[in-house]
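Below is one structure, written out as structure tokens; comments come after it.
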Amino acid sequence: MNTIPNELKKAICNNELLIFVGAGLSYHLKNINDQPLQGWRNLVANILNDLKAKKYDVDCLLPLVDKYEPITVLDLIEKNADIPKAEIYKFTKDFFALKDDNDFELHRKLFKLSGKIITTNYDTAFEMAVPLFRRYKAYKGRNYELTTHHDKDAVLLFKLHGCSEDADSMVLFPSNYKNLYENTEKDAEHSLLVLKNIIFNKSILFIGVGRGDFQINHIFKEIKKLQGEYNQKHFMITYKPLDSSLNFLTPITIQDYSEIAAIIDKLITLKEASENEASKAVMILRKQLEDAQKEIEKLKNTNDKDKLLEREALKYFSRGVEYSLSNEPLKACDAYKTALELKPDFHEAFYNWG
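As structure tokens, then:
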């Protein structure tokens with residue numbers, strides 16, 4: 013079984029992991045016409061076939077699909093003033109309408125691992141797998157949900173390149189990418205700001221990402237550019253060795269796509285074990301708080317100097333426990349420190365402070 017990096021385990025246990033999903037996760041999904049989505053090359057081929065069926069002159073572009081990168085062909089399509097872009101967006105929207113009977117189990121597992129997902133995919137696989145995402149998703153023109161990315165427990169589906177349900181939001185042509193990654197629009201500026209904040213403050217696990225894809229290269233460039241300024245660790249499930257240009261990623265190597273589900277299962281097990289431990293810790297803290305309050309009540313009317321110090325120490329200890337329960341560790345540490353200054357042999361305060 014694949015070795016899970018310690019930094020990834022830590023990110024999972026601290027609820028600091030965000031998952032970045034590329035086109036590979038949607039490769040085998042089928043649309044309502046029973047066509048497989050596959051990759052970007054397949055999309056471009058289907059766009060051209062649709063245009064040809066509608067009598068647009070694209071014969072010279074068809075042979076280029078297998079010879080050049082998809083973005084190169086899309087550039088040529090965009091520059092052809094005789095091809096209405098509205099037709100292409102409409103076709104793309106329809107092409108990514110998914111069948112209900114697709115297997116979305118891996119998407120559901122990823123949600124169990126992290127409630128925050130970024131994807132460059134237009135399709136609605138995550139929304140169909142986890143209906144909650146329909147309410148908590150963000151993309152161009154609907155960026156207000158991005159304000160929740162700071163909250164550890166918030167659910168968020170960030171569709172960086174748009175959503176097929178809203179054709180105007182889709183980042184498809186070279187000019188769309190330029191608008192997004194060169195901050196030429198207010199919406200794009202907000203999206204990129206959130207992305208940079210995530211790179212600084214979260215650990216990202218990349219899944220289904222093609223390293224040669226034009227779409228993902230922009231993301232890697234952003235991380236590379238910020239590499240000297242942050243210390244977050246990022247990870248990638250991959251079946252190919254990573255070259256030196258991607259030294260900001262820690263690889264989790266697989267031999268075949270089918271292994272991904274087993275790795276995600278292992279990561280979910282780690283998360284569940286961590287949550288169980290956290291639940292036990294909360295129970296211990298609540299019991300400590302209850303016991304401390306009882307002791308404070310007993311010492312309420314004492315005049316003994318030592319007992320007075322003990323009562324004050326218990327008050328600060330209780331305050332520290334409350335801060336611990338509300339996940340405010342710095343304030344908790346200050347309270348435990350004061351409790352120990354008042355009662356140096358206060359072992360529970362010393363333990364909690366540690």
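For the sequence shown, the working numbering begins at 13 and goes up steadily by one. Glycine is no exception: its CB is placed at the ideal position from the N, C-alpha and C atoms. Fair warning: this is a prediction, and the values are worked out from it, not measured in the lab.
Residue i versus residue j: straight-line alpha-carbon distance, rounded
i	j	result
Y363	N339	17 Å
E322	D165	37 Å
K208	K312	53 Å
D180	I219	26 Å
H119	A98	31 Å
P75	P82	12 Å
H359	E201	51 Å
Y328	E28	30 Å
L55	N61	10 Å
I24	I275	13 Å
A1	L205	This structure does not reach residue 1, given that the chain is present from 13 up to 366, and the question cannot be answered.
Y101	M182	8 Å
S187	F138	27 Å
V221	F116	18 Å
K292	I228	41 Å
M13	D87	The predicted position of M13 is uncertain, since its pLDDT is 49 and thus under 50; no value can be drawn from it.
Opposing strand residues paired with residue i [DSSP bridges]
i	result
I216	L30
P6	Given that the chain is displayed from residue 13 to residue 366, the structure contains no residue 6 and the question cannot be resolved.
C175	D178
K128	L168
K149	L169
T250	T265
R120	Note: R120 sits in no beta bridge, so no partner.
Presumed contact (8 Å Cβ cut-off) between residue i and residue j, rounded CB distance
i	j	result
P263	T250	5 Å
E177	T136	6 Å
S330	Q305	6 Å
K149	L169	4 Å
A285	K121	Not confirmed; about 16 Å, so no contact.
F247	P17	7 Å
E324	L301	E324 to L301, Cβ: 16 Å. No contact.
L326	I308	5 Å
A57	V33	Not a contact, Cβ separation roughly 23 Å.
The ligand GTP heavy atom lying under 8 Å from the CB of residue i
i	result
R323	Summarising the ligand content, the structure contains no ligands, and the ligand GTP is consequently not present.
Below 8 Å, how does it come out for the stretch 35-50 and the stretch 60-69: are there three or more Cβ pairs, yes or no? no
Three or more beta-carbon pairs under 8 Å between the stretch 114-128 and the stretch 139-148, yes or no? yes
Quick one: which unbroken alpha helix (DSSP H) runs of 4-plus residues sit fully inside the stretch 89-116? Chain order, please. 97-107
Can you give, in chain order, each stretch of the alpha helix (DSSP H) that sits fully within the stretch 330-362 and has at least 4 residues? 341-354
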